[in-house]
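Asker: Numbering-wise (my numbering), the sequence shown opens with residue 2 and increments by one. Each residue gets a CB set at the ideal place from its N, CA and C atoms; glycine is no exception. Sharing a structure with you now.
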Amino acid sequence: DGSYSVSYTATVAGTYVVQLLLGSEVVSLNGVTHTVVVAPAAASEVTSTASGPGLTSAIASTEATFTVVARDAFNNNLVVGGDIVVAAFPEVDPADVTTMNVDDRGNGEYEVRYDISVIGTFAMQVSINGVELAQSAFSVTVSPAAFDASASTIFGLTDGALTITAGSTATVTITSKDADGNVRGDGG
Numbered sequence: 002d003g004s005y006s007v008s009y010t011a012t013v014a015g016t017y018v019v020q021l022l023l024g025s026e027v028v029s030l031n032g033v034t035h036t037v038v039v040a041p042a043a044a045s046e047v048t049s050t051a052s053g054p055g056l057t058s059a060i061a062s063t064e065a066t067f068t069v070v071a072r073d074a075f076n077n078n079l080v081v082g083g084d085i086v087v088a089a090f091p092e093v094d095p096a097d098v099t100t101m102n103v104d105d106r107g108n109g110e111y112e113v114r115y116d117i118s119v120i121g122t123f124a125m126q127v128s129i130n131g132v133e134l135a136q137s138a139f140s141v142t143v144s145p146a147a148f149d150a151s152a153s154t155i156f157g158l159t160d161g162a163l164t165i166t167a168g169s170t171a172t173v174t175i176t177s178k179d180a181d182g183n184v185r186g187d188g189g
């Protein structure tokens, strides 16, 4: 009957011109150019990625950031937002994670900002639409913030003073801490 069906599976997002070939000659149907727009598929936890300094290190009570880029299973970047991105420190008391915000940029990218008040090395899990990213969990080392005299301690003084006899030795111990009470290992 002169009808032909063509089936194809598109995996690369973009706009494509459809051409009809009769032998090796391009045939125009009524002078109209036909296009096919291939949109990215749903976000995939396998190909979506996270990057940025906040995935490996942070300073206590100082904002750390990283970016999640949503990609489909064919590695096409998503061009709209709306995915649910979640980051969490499952080993850390939620009260010690003072901020955890995800900003949807509306273009398939998500900025994650967080503050954590305790020091140490912790696993951070990052998920998109309820499924953990393939590259997750990330190991984040949280270092103490700057020296804070009001949080630091001095041992060996009585009522803020030390009285010794000439020729004797006295010992005073100062523990350098940040504003959250985290001990600084470098002396501040």
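Strictly by DSSP, which residues pair up with glycine 15?
Answerer: Val39
Asker: According to DSSP, which residues form a beta bridge with tyrosine 115?
Answerer: Ala65 and Met101
Asker: Go ahead and label valine 94 buried or exposed: buried means 16 or more other beta carbons lie within 10 angstroms of its beta carbon, across all protein chains shown.
Answerer: It is aspartate, not valine, that sits at residue 94 in the sequence shown. With fewer than 16 Cβ atoms within 10 Å of its Cβ, aspartate 94 is classed as exposed.
Asker: Given a threshold of 16 other Cβ atoms within 10 Å of its Cβ, counted over all protein chains shown, does alanine 59 qualify as buried or as exposed?
Answerer: If you draw a 10 Å sphere on the C-beta of alanine 59, you find 16 or more other C-beta atoms in it, and that means buried.
Asker: Threonine 12 to phenylalanine 75, Cα distance in whole Å?
Answerer: 6 Å
Asker: Under a Cβ-count criterion, where at least 16 other Cβ atoms within 10 Å of its own Cβ denotes burial, should tyrosine 5 be classed as buried or exposed?
Answerer: It is exposed - the Cβ of tyrosine 5 has fewer than 16 other Cβ atoms within 10 Å.
Asker: What whole-angstrom Cβ distance do threonine 66 and glutamate 112 have, given they're in contact under 8 Å?
Answerer: About 6 Å separates the two Cβ atoms, so the contact holds.
Asker: For glycine 102, which residues from the same chain have a beta carbon less than 6 Å from its beta carbon, with the 5 sequence-adjacent residues on both sides left out?
Answerer: The question names glycine, but residue 102 in the sequence shown is asparagine. Closer than 6 Å at Cβ, skipping near neighbours: Arg114.
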